[in-house]
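Below is one structure; the comments refer to it alone.
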């Protein structure tokens with residue numbers, strides 16, 4: 504039975520590698536684990552990445568929240584989630600040398616391929632570097648077994664001279680993440696079809712002229728703009744989200760944006776241009 508389980512495990516690993524799992528960069532990357540591969544208690548999410556231009560897979564709201572921060576950061580160029588620590592024989596050897604039991608499949612009892620939550624490509628002005636980040640709840644760091652598994656990860660990345668670190672929920676700014684999740688779907692101009700850049704420019708100017716009047720809730724301003732320009736209900740609010748998502752309107756992102764409250768602009772860009780402000784260059 505043990506031999507059969509080992510053969511099944513090896514076949515699964517070989518199939519995933521053959522399918523391209525854990526390989527490539529940017530739009531070509533495929534995560535080692537997809538949401539259908541893991542039981543996630545309904546918290547798993549698939550979302551189209553702005554920087555990667557592909558569907559990305561997250562196993563928890565924690566991972567999704569961190570992803571939004573990475574998308575917004577101007578120094579992050581590529582985000583590879585569920586990155587495999589291959590070859591499996593290497594993490595097994597690391598575990599043996601460290602005197603740690605390697606993670607196993609609870610059913611087959613065979614060693615499994617470990618993963619790091621995020622492998623990032625980071626701008627260093629002159630060049631780019633890679634960073635590995637693992638997400639853990641603070642309470643989980645009290646577990647001796649969790650620390651053991653993290654040590655295997657740390658040693659794996661140390662062998663590759665890649666900076667590895669742990670991110671906890673305490674490093675996730677709630678208001679910023681909430682704002683980014685609201686803006687993220689409206690980054691691309693195509694999501695505002697059939698509006699053109701000229702249409703958006705006109706809506707932008709109309710809104711800005713009305714915003715000179717203090718203490719008017721955002722949803723009132725956008726509804727009034729829809730009526731004035733004979734637009735479908737909600738169009739102007741969608742444009743507002745597009746403008747903020749592309750940093751054409753600068754607001755305090757650490758304060759929760761509420762449509763039923765006035766919106767305070769810090770600065771604006773005069774002309775509407777479709778520039779990917781969440782990513783400045785392609786990943787090679």
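Numbering (our numbering), first residue to last: 504 to 787. Beta carbons: idealized from backbone N, C-alpha and C, even for Gly. Keep in mind it's a predicted model, so treat the numbers as computed, not measured.
DSSP three-state assignment for residue i, whether helix, strand or coil
i, result
"residue 771", "strand"
"residue 688", "helix"
"residue 660", "helix"
"residue 517", "helix"
"residue 753", "strand"
"residue 698", "coil"
"residue 736", "coil"
"residue 528", "coil"
"residue 722", "helix"
"residue 715", "coil"
"residue 759", "coil"
"residue 640", "coil"
"residue 628", "coil"
"residue 741", "helix"
"residue 536", "coil"
"residue 764", "coil"
"residue 730", "helix"
"residue 706", "helix"
"residue 675", "coil"
Sheet register partners of residue i (DSSP bridge)
i, result
"residue 635", "622 and 667"
"residue 614", "607"
Alpha-carbon to alpha-carbon, residue j and residue i
i, j, result
"residue 794", "residue 541", "Residue 794 cannot be examined here, being either before or after the span of the chain that is shown, 504 to 787."
"residue 575", "residue 730", "32 angstroms"
"residue 553", "residue 743", "18 angstroms"
"residue 660", "residue 572", "23 angstroms"
"residue 710", "residue 674", "35 angstroms"
"residue 516", "residue 560", "19 angstroms"
"residue 771", "residue 706", "14 angstroms"
"residue 734", "residue 728", "8 angstroms"
"residue 527", "residue 621", "14 angstroms"
"residue 610", "residue 513", "15 angstroms"
"residue 603", "residue 615", "14 angstroms"
"residue 678", "residue 570", "15 angstroms"
"residue 533", "residue 715", "47 angstroms"
"residue 522", "residue 531", "12 angstroms"
"residue 628", "residue 726", "43 angstroms"
"residue 748", "residue 597", "43 angstroms"
"residue 741", "residue 591", "47 angstroms"
"residue 582", "residue 676", "19 angstroms"
"residue 752", "residue 556", "23 angstroms"
"residue 699", "residue 721", "22 angstroms"
"residue 580", "residue 623", "8 angstroms"
"residue 520", "residue 690", "33 angstroms"
"residue 717", "residue 769", "14 angstroms"
"residue 662", "residue 647", "23 angstroms"
"residue 736", "residue 697", "14 angstroms"
"residue 724", "residue 551", "30 angstroms"
"residue 562", "residue 732", "43 angstroms"
"residue 773", "residue 758", "24 angstroms"
"residue 539", "residue 657", "27 angstroms"
"residue 518", "residue 664", "29 angstroms"
Contacts around residue i, its chain only, beta-carbon distance under 8 angstroms, and the 5 residues preceding and following it disregarded
i, result
"residue 719", "713 and 765"
"residue 767", "754 and 755"
"residue 493", "Any question about residue 493 goes unanswered here, given that the chain covers just 504 to 787."
"residue 683", "571, 572, 574, 575 and 756"
"residue 639", "649, 653, 669, 670 and 671"
"residue 564", "546 and 548"
Close Cβ partners of residue i (< 6 angstroms) along its chain, the five nearest in sequence each way excluded
i, result
"residue 785", "Note that residue 785 scores a pLDDT of 43, beneath 50, so its modelled location is shaky and nothing firm can be said."
"residue 632", "625"
"residue 649", "643"
"residue 524", "533 and 535"
"residue 537", "560"
"residue 634", "623, 625 and 666"
Proximal residues to residue i (C-beta, below 7 angstroms), its chain only, five neighbours per side dropped
i, result
"residue 594", "588, 605, 617, 655 and 659"
"residue 688", "694"
"residue 746", "707 and 752"
"residue 681", "759"
beta-carbon residue i near the ligand MG non-hydrogen atom, thresh 8 angstroms
i, result
"residue 775", "The ligand MG is absent from the structure shown, which contains no ligands of any kind."
For a minimum of 3 consecutive residues, which ranges assigned as the beta strand (DSSP E) are wholly contained in the segment 539 to 608?
If only complete runs of 3 or more residues are kept, the segment 539 to 608 shows the beta strand (DSSP E) at 548 to 551, 558 to 561 and 579 to 587, in order along the chain.
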